[in-house]
Structure formats: structure tokens, C-alpha cells
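Here my numbering is used: the sequence shown runs in plain steps of one and ends on residue 545. From the three backbone atoms N, C-alpha and C, an ideal C-beta is built for every residue, glycine too. For reference, the structure discussed in these notes is given below.
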Amino acid sequence: MSPAYIKLGQLIATRPDIIGIEVARDLSRLHDKMPPFSQAEAQREVEHAFSKSVDDIFSEFSKPVAAASVAQVHAATLKSGERIAVKILRPRIEQEVRAEFQAFCRFARLIERVIPSSTRLEPVKFFETLSATASMELDLRLEAAAASAFAEQINQYDGVSAPKIYWPLTSRRVLAMEWVTARPLMAEQFVERTPSFRKTLARRLIQFFLTQALQHGFFHADMHPGNLLVDDMGHITFVDFGIMGRIDEKTRITFAEIIHGFITRDYYRAAQAHFDAGYVPKSHSIDAFAQALRAVGEPLFGLSAHHVDMSIVLQQLFDVTALFDMRLRPELVLLQRTMVVVEGVARDLDPEINMWEVAAPIVRNSIIEAIGPQRQARRLQAAVAKTFDLVPRLPEVLERLINEQAAAPRRDDLYRRELQQLIDAQNRTNRLVWVIIILGVATAAFLVLG
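Now the structure itself:
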């Protein structure tokens, strides 16, 4: 199988809403191993990237220690004695992947023309997104930037980390990072450890994933065991930052509301969150949608943990979305798919773990933070800044409208109405500025005195 098809399989696995849960699960386990390319080619790539010989850069540069569909990894030692991992793209991989994905996009356009109902799943946008994701994975500077941002985000948490990036030895086709001495987070590797160790590891994994997603909106979206390295103390180091997920603040709050609705069995609240976010068309009944969500959620309660399969729950949710013409957000689907992967890894460590119970405090805290006074104060500050940016531009807009009115007398009535509307808007804006200032001062005083 070509590298492009392996990468396609891995990326398609991030959209179980389109291909189904079982297929996605199988593809996510796709064996991403390829024969390594030659040592000579690897050295040429390094030397071309940095205009230096390998011997001038490293005191040691090993043969490949791992080879995957788009790149391979070498162990190396710097002149300073530091041990690092050097990731190098395969020769000509960019051209291969680009050609394959162009063909996939053409096929998706054909599907949308032949099967109009498929537009709900947005196959063209899906493959265009996959193509963009694959292109980003083929620029190792972007992966390095993601790793760096992720490391900054998680440095406040105990028990998790990301490797340090060596920027002077990183280019589009070469990535150098700290060498990590640890084992992949596979249950069989920790079978000799105590049940409490495995339980702690499983809970840490789930809680940290949800913290990434709901509180920061930036999460590792390829959390299979090979990308989670664990030492003997249970410290988790994340590697391979080619697939990352991002969700904005509004979407994070919506997702937290939906999960909280399921956890508390408040299905109307979960349904309301879908409608408020515009995920479900207003033409549908919110009560009917809440009833459909109840049909998904209620069977989960009263079951022992090992009988609750998140992948089945997710498939049922996708079935519900089809009934209610819900347009699926790719970033949310990626988040949900990653949740299923994380739950599977955690369940291998602790078969009795309950995703809902572990998630509850994280979700609750996310909602409290979203509606708390500090978050509201930040939103108010942003609104004030936006309003003050708008006010100075209003005279310019007024002048332009007046000039256009003089140049086109036939549209006098239209411009006169628009002009009056704009003047009224400016008056309202001036009043709004003062209201916001007063509210801002009051809120600041409340926060300081409180």
C-alpha cells in the first residue's frame, strides 16, 4: 500500500460520521509502518536542509529506529552530548500525496453531483480538509510549532509533557526534538503493574484529554498508544503532532453543555444546546430532538462500566443527526472520534472505568468557568474594545455614503434611508459606549472588591 493511501486511511478514520464507527476503528489501527528509505538518502536530506555535513552536526547519527508512511525517525547525539530524535520526510512524498488527494477531491465532487443527499456530509469539504491536513503534516515546521504550543499549554499540569523542539535543526523536511525514554501506552506493557497504577493512568488520560479540549480548545487528535509514551512513574509524554484539533470558545461551551446534559440526564438541555448553536435546523421540534437524545442516553445508565461502549453511543448519535438534518462540524467530529480512541485506550488499562463519571468534574468546571465573572469580564473588555474601534470609522462611512448619494441622484431615497439608519446607529453606539464603560467599571470594582 502506498504512503498516500495509508495517510488517507488514517485521516479518514477521523470522520466516523461519514464512514461509520467500525470502519473508522479499523482504519485507526492501520499499520503505519513502511520499509525505511536508505541511510544515504536520510543523510542527504539533513545536509540539504542545513548546508552542513551530518558529521559536522552530530557526533552520532543512527540508522532508522522507526519508519512510517510519510517519515522515519533516527536517533542522534549532538556535539553537546544531548540525545535527540530526528524525523525526516520520505523522498518525493509531497508529490505522491498531492496527486492522490487531487484524485480523491475530484471523486468527492462527482459524489455530490450524483447523490445530492450526500451534501449533508460535505464530502468535498471533507476531502479538501484532509488534503489541507496532509499538506500541513508534510511541513515539519508546522508540526514543530504545534508541539511547541502544546508544550506551553500543558506545562502547568503534572504527569504530562511534550518533547522539547530543537528549532535550529528543524526545517520543512527535518524535525529535531528531545529523545524520550519511555514505553508506548499499551496495556500489555503494563500488565505487571498494580491495578491502582493502571487505574490512575487511565483516569489521567481521560481527564487530561477533556481538559485540553474543553478548557484550552487545542488538543492532540491522534492519541493512539504509539503516540503516548509512559515511564515507570506513570508520566505521559505526547509525541507526533501531525493531527491536532482546535475548537473555538463558543463551540467548547456548547460541547460542554451537551456532555453535561447527558451526564445529568437533562436531555432537553442537551437538545437546547444543539438548537442554540444552530446545529439543528429550526424547522425541527426541540422536544422531538430531546426525545431522540434520551433514546441514546438512557440505556447507558444502570449498566456496569464495561458494558458502556462509547463507539456505539457515538454511532447512535450520528444516526440521530441524520434524522434531524444536522450539519456536522468537522472539528466536533474529530473531537468525538478522539474521545472514543481515548476511552478505548483507558478501558484497556482499566476495564471498569466509566467515561461519564471521570468526565463529570471536568465538564462541570468548564461550564462554571465559561459563565463565571472573570470570563464575563474578559468578554466585556473585548466588547468595549470592538465598540471603540467602530466609533472612529463611522464619520468616514457617513462621508462615503454622502458622496455616493451625490454621484447617483436616482438612488436618493435609498441612500437617505441608509444615511438615517447609520446616523441612528451612531447615536445608539454612542449610548452603548457609555453603558459598556459603566458596566465595565462596575464589573471591575466587583472583581477587585470581591
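Residue i: first and last residue of the uninterrupted alpha helix (DSSP H) it sits in
i	result
F145	Q134 to F145
P218	P218 to E232
I37	Outside the shown range of the chain (96 to 545) lies residue 37, about which nothing can therefore be said.
P425	P425 to L444
A257	Here A257 belongs to no alpha helix (DSSP H), and DSSP marks it neither H nor E.
F370	Y362 to D371
V209	I188 to V209
R347	E344 to I358
R293	P290 to T306
V149	V149 to I152
Residue of the options minimising C-alpha distance to residue i
i	options	result
Q307	N449, I381, L423 and N250	N250
A162	R204, T332 and I183	I183
S146	P263, P186 and I101	P263
K377	I342, T346 and R422	R422
V458	F413, D414, I358 and A368	I358
R347	P290, I462 and L173	I462
G312	G356, Q367, F245 and G321	F245
R432	L305, A227 and Q138	L305
E352	N322, A365 and A372	A365
A194	E223, D327, D151 and E155	E223
F221	F413, L412, L429 and D327	L429
R360	H143, S175, V436 and E452	E452
D327	T276, E247 and A137	T276
Residue i to residue j span [Cα, whole Å]
i	j	result
E287	G329	13 Å
P394	R268	49 Å
G254	V334	15 Å
F419	H379	7 Å
V325	F336	17 Å
C200	S213	14 Å
S256	N498	60 Å
P425	S243	24 Å
F384	T416	9 Å
A135	R178	21 Å
Q190	E207	26 Å
V440	R278	14 Å
Y374	F196	29 Å
V408	M434	11 Å
L542	E464	Note that L542 has pLDDT 46, beneath the 50 cutoff, so the model's placement of it is unreliable and the number below is only indicative. Approximately 15 Å, taken between the alpha carbons.
I188	L233	8 Å
E438	A455	14 Å
A241	Q367	34 Å
R185	S291	42 Å
A227	S164	17 Å
L412	F370	15 Å
Chain-order list of residues whose beta-carbon lies under 6 Å from that of residue i (same chain, five-residue window excluded)
i	result
V181	H169, A171 and A271
A239	I260, T265 and L270
L444	A282, R293, L296 and A297
W274	R178, I179 and A180
First and last residue of the uninterrupted beta strand (DSSP E) at residue i
i	result
F313	F313 to H315
M272	V269 to E273
V391	Per DSSP, V391 belongs to no beta strand (DSSP E); it is in the alpha helix (DSSP H), I381 to G392.
H169	A166 to L173
A163	Neither: A163 is in no beta strand (DSSP E) and is coded neither H nor E.
F333	I331 to F333
R422	Run containing R422: none; DSSP gives neither H nor E here.
V375	It is not in any beta strand (DSSP E) - V375 carries neither H nor E in the DSSP assignment.
L235	Careful: L235 lies outside any beta strand (DSSP E), inside the alpha helix (DSSP H) at L235 to I249.
M318	No beta strand (DSSP E) holds M318; DSSP gives it neither H nor E.
M339	M339 to R341
L323	L323 to V325
Spatial neighbours of residue i in its chain, beta-carbon cut-off 8 Å, leaving aside the 5 residues before and after
i	result
R526	With a pLDDT of only 49 at R526, under the threshold of 50, the placement of this residue in the model should not be trusted; the figure read from the coordinates follows. Excluding sequence neighbours, R526 sits near nothing in its chain.
R204	V219
Q386	Y362
L427	I342, T346 and F350
L235	A166, K182, L184, T265, S266, R267, R268, V269 and L270
Cβ-based neighbour list, residue i, same chain, cut-off 7 Å, excluding 5 preceding and 5 following
i	result
P131	P159, A162 and Q167
F153	A171, T172 and L173
R442	I448
G356	Y362, R364, A365 and A368
S78	Because the chain here runs from 96 to 545, residue 78 falls outside it and cannot be looked at.
* Asked: How about the segment 298-312 and the segment 448-460: do they share at least three Cβ pairs that are nearer than 8 Å?
  -> Taking one beta carbon from each stretch, the segment 298-312 and the segment 448-460 have 3 or more pairs nearer than 8 Å; the two touch.
* To do: Specify whether the segment 338-357 and the segment 309-321 touch according to this definition: at least 3 beta carbon pairs, one from each stretch, less than 8 Å apart.
  => Enough Cβ pairs lie closer than 8 Å, so yes.
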